[in-house]
Structure formats: C-alpha cells, structure tokens
Amino acid sequence: MSRKPSPSTLAYRERRDEAQRAARELYGPRADPLVAEDLADDALCRGLAAYVDRYRRQHKRGPRWAELGEQARPDVVDDLGAAADELGHLAPRVYAELLCQALQRAGWITTGQAAGSMRPGPRYTPPARPQRPRKPPAR
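Residue numbering for the sequence shown is 1 to 139, as defined by full-length UniProt numbering.
Now the structure itself:
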C-alpha cells in the first residue's frame, strides 16, 4: 500500500523537475559539442567503458551517470561556463545525461531502468588478463 505524497513533497518535485527542464534547455546546447568531442575520442570512450567495468567488479553494481560524467570531464561546470549561473549545479547532470546517452548509442556502455544497471557495452573489449603458467603434470 503506497501513501499519497504530501502537498509539500509534490511542490518540491514540481520545482525540481522545472529546474531540471530549464537546465537542459540552457546547458544542452552548450554540452552537445563537448559530448561530440568526447565521443570522437576512442581512447576516452574505451577508458570510460573500462572504468564502468572496474567499478562494476568492485561494487557489484554499475556507477551512476554523474560518476561517469565526472570521470570524463571533472571540470564540466567550467567547460560549460556554468559556475556563476543560478542553475550551475545542474550543469554536470545535463552533461552526464547527454554523454551516457551518446555512449550507449555508440555501444560503449549499456544501461537499464534500474539504478546501478550500467555495464560495459558490446564495443568494449576488456584487456586480456595474464594467464598463470601451468605446472607440468606430475609423473
């Protein structure tokens, strides 16, 4: 049985959603060229997919989109010119959304609806792991 959200909760959600829409409109056009530049860099994309692979093995779940965005561009707020803006705190979120969607379309990562579902995509091939030398059979 679910409880009905309170009026203050509904008002908060509405303000949050409106701020996120405004941030997408403001930063989306600024973030698009950054995402295109990052997607063109195969080494960066391979590194991000490797980060997802390592993160998944260490934490038994995939990273959040924001964590992947932070790996790609730690200074994205400066890159977007968002530091002084009222919605500047949402700029990394917009960039991370666009980046993850682009990486998914390109096959570097896959994601699902559930939190923590991010995993390396079909385009990523993990580096070969060194094999232990086998002992000769006992005679």
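Idealized CB from N, CA, C, for every residue including glycine.
Predicted model, so just to flag it, every value in this text is computed and none were measured.
Residues that residue i bridges to, as DSSP identifies them
i	result
R119	T110
Reference residue i; option with closest CA among the options
i	options	result
P127	A49, C100, P136, R61	A49
D53	R119, P130, Q131	R119
P33	V94, Q113, Y124, G112	V94
G107	A114, G121, L99	G121
V76	D41, R30, D42	R30
Y27	A82, R15, T111	A82
A43	K135, T125, Q113, P5	T125
Buried/exposed call for residue i, threshold 16 Cβ in 10 Å
i	result
E86	exposed
L103	buried
E14	exposed
R105	exposed
G112	exposed
Beta-carbon proximity list for residue i, same chain, < 6 Å, skipping 5 on both sides
i	result
G116	R61, G62
Contact set for residue i: own chain, Cβ-Cβ below 8 Å, skip 5 residues either direction
i	result
P137	none
Same chain, Cβ closer than 7 Å to residue i, neighbours up to 5 away in sequence not counted
i	result
G88	V77, A82
A19	L87, L90
Mind pulling the alpha helix (DSSP H) runs of 4 or more residues that sit fully within the stretch 38–117? 42–59, 65–72, 76–79, 91–106
Every unbroken beta strand (DSSP E) within the stretch 4–31, with a cutoff of 3 residues, ordered by chain: none
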